[in-house]
Amino acid sequence: MKHILIIGGGTGGIMTASQLLKRGGVKVSIVEPAEYHYYQPAWTLVGANTFDYEKTKRTMASVMPSEVNWIKDYAEKFDPENNVIEMKSGAKIDYDFLVLSPGIKIDTSLVEGLTEAIDKGVVCSNYTDPKHTWEVLKNFKGGTALFTQPTTPIKCGGAPQKIMYLAEDHFRKTGVKSKTNIVFATNGGVIFGVKPIAKTLMEVIDRKDINIRFGHLLVRIDGEKQIAWYKMADNNKEHNHIDVVTSKDGDLVGIHYDMLHLAPPQTAPDFIKNSPFANEGGWIDVHTGTMQQTKYPNVFGIGDAAALPTAKTGAAIRKQVPVIVENLMRLVNSEELSSKEYNGYSSCPLVTGYGKMVLAEFDYDSNFTPDPKLKRMLISDSSKEHRRLWWLKKYILPRLYWNKMLKGIDV
Ligand SMILES: Cc1cc2nc3c(=O)[nH]c(=O)nc-3n(C[C@H](O)[C@H](O)[C@H](O)COP(=O)(O)OP(=O)(O)OC[C@H]3O[C@@H](n4cnc5c(N)ncnc54)[C@H](O)[C@@H]3O)c2cc1C
């Protein structure tokens, strides 16, 4: 029986294993050191105190399919010429086919001062400690609320702004809004890359009096003085100007904050960057339609660590897994790869307040591609804010994730 070895028991790893086992006739192993598996999409809601953090967490043992051979170790080195990987423990494991799904590495060292500042006092991130985000929002008494993101790729590109919309709603309900200036400083030049979604979000931004500063490249956090420092890109411009305290240091512009939420810089994990599978940027070099590694046909890359020019989300993985599984099964049976390719589908549930959401679904060309199944929920236009979309995010998707997607059931 052919042996398929999967690196990482996160969203991509577990979904791939479950679907492979449903097809049968293969031995599946997963290398995964962690005790817990997290449903990270709900961390946005945890940061806004509308979802219980404990419900985002399950033991790895409980999500690992029973037929999987779970290797509780870190993958460290690859020898793809001999189809062998080496673990941190020194153990060596061979495989016939390899699926890489090790996720993304959060690297706070890429922004000076961030390691010292993050998750302390008024600096928070839903990416690292969503419970602290809620502490910061709850205790905020007014001033400048700064929301920002780094220049590196990040998972769920919409998450840095989702929490801002929820925070604004919270500040309004608690009366803090009248004493607050909300600033969103982003490296990008648009609020979102999909046109109908960007149109709605700009309306939300106007309604909420948010000052957006485009072309702001985050380089330093001064946690003591509460200043975020930026280099200005050529495309820097503003929308809805608000006067907030700023400083200059040479070419750098500093924005003073009374609370700061940010997405930390993110990269491919080191053992991937240093592997023969990495491209120049360190990500797993794969063909964008098949996710087959460009040099080694018996290796596939999936999820956040793969060099796929689309948004890094669990929703994207949901569409990547069936393509990889089909192709793996064909290779196992010595057949040609399928002509059915992954089209870059990804999705971002942009919550715009408590009880409101817009659902961005798109492909490699940033075309808006709403799922026809939304009509069954009486949602005719998911580029517009909708209460039912919020229900989808808060109640339906977590259940589908734990009960169906991780079990290899198509949804
Ligand atoms: C705040 C936030 C909000 C988000 N919102 C959404 C959303 O609304 N919708 C959405 O679809 N997605 C969202 N995401 C993104 C989504 O969670 C990720 O895209 C998805 O989990 C990526 O899956 P993955 O398998 O690539 O990595 P992960 O799920 O992160 O899993 C990687 C696994 O690899 C393991 N691993 C790491 N190193 C090694 C090693 N050396 N050896 C073996 N195993 C290793 C890790 O322990 C981990 O279990 C959000 C993420 C965050 C943080």
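All letters in the sequence shown, in the order written, are residues 607 to 1017 by the numbering used here. Glycine is no exception: its CB is placed at the ideal position from the N, C-alpha and C atoms.
Ligand 1 heavy atom lying under 7 angstroms from the CB of residue i
i: residue 883; result: no
i: residue 1004; result: no
i: residue 613; result: yes
i: residue 968; result: no
i: residue 730; result: no
i: residue 907; result: no
i: residue 872; result: no
i: residue 681; result: yes
i: residue 654; result: no
i: residue 773; result: no
i: residue 910; result: yes
i: residue 638; result: yes
i: residue 784; result: no
i: residue 798; result: no
i: residue 795; result: no
i: residue 733; result: yes
i: residue 749; result: no
i: residue 806; result: no
i: residue 1015; result: no
i: residue 953; result: yes
i: residue 707; result: yes
i: residue 918; result: yes
i: residue 923; result: yes
i: residue 877; result: yes
i: residue 1008; result: no
i: residue 623; result: no
i: residue 619; result: yes
i: residue 761; result: yes
i: residue 835; result: no
i: residue 646; result: yes
i: residue 754; result: no
i: residue 959; result: no
Beta-carbon spacing of residue i, residue j below 8 angstroms
i: residue 821; j: residue 838; result: yes
i: residue 616; j: residue 707; result: yes
i: residue 634; j: residue 613; result: no
i: residue 923; j: residue 621; result: yes
i: residue 752; j: residue 870; result: no
i: residue 627; j: residue 1014; result: yes
i: residue 897; j: residue 948; result: yes
i: residue 788; j: residue 768; result: no
i: residue 652; j: residue 737; result: yes
i: residue 757; j: residue 766; result: no
i: residue 846; j: residue 817; result: yes
i: residue 988; j: residue 965; result: yes
i: residue 656; j: residue 946; result: no
i: residue 902; j: residue 686; result: yes
Start and end residues, beta strand (DSSP E) containing residue i
i: residue 817; result: 816–828
i: residue 682; result: 681–685
i: residue 791; result: 786–791
Classification of residue i by the beta-carbon crowding that lies within 10 angstroms, buried from 16 upward
i: residue 1023; result: Limits of the chain in this structure are 607 at one end and 1017 at the other, which puts residue 1023 out of reach.
i: residue 688; result: exposed
i: residue 629; result: exposed
i: residue 978; result: exposed
i: residue 830; result: exposed
i: residue 918; result: buried
Inter-residue Cα distance where the pair is residue i and residue j
i: residue 799; j: residue 972; result: 7 angstroms
i: residue 935; j: residue 906; result: 13 angstroms
i: residue 697; j: residue 691; result: 8 angstroms
i: residue 927; j: residue 885; result: 21 angstroms
i: residue 608; j: residue 828; result: 53 angstroms
i: residue 1011; j: residue 625; result: 9 angstroms
i: residue 713; j: residue 725; result: 14 angstroms
i: residue 894; j: residue 908; result: 10 angstroms
i: residue 704; j: residue 958; result: 40 angstroms
i: residue 832; j: residue 747; result: 15 angstroms
i: residue 804; j: residue 969; result: 15 angstroms
i: residue 727; j: residue 782; result: 19 angstroms
i: residue 824; j: residue 717; result: 7 angstroms
i: residue 993; j: residue 777; result: 20 angstroms
i: residue 980; j: residue 801; result: 19 angstroms
i: residue 796; j: residue 702; result: 44 angstroms
i: residue 933; j: residue 942; result: 8 angstroms
i: residue 740; j: residue 658; result: 11 angstroms
i: residue 645; j: residue 867; result: 20 angstroms
Limits of the alpha helix (DSSP H) - the one that residue i falls within
i: residue 644; result: Looking at the DSSP string, residue 644 is not in any alpha helix (DSSP H); the run it does join, the beta strand (DSSP E), is 642–644.
i: residue 623; result: 617–629
i: residue 801; result: 801–813
i: residue 776; result: 765–780
i: residue 721; result: 720–723
i: residue 1008; result: 1003–1009
Beta carbon proximity, residue i to chain D, threshold 8 angstroms
i: residue 1008; result: In summary, chain D is missing from the structure at hand, where a single protein chain is found.
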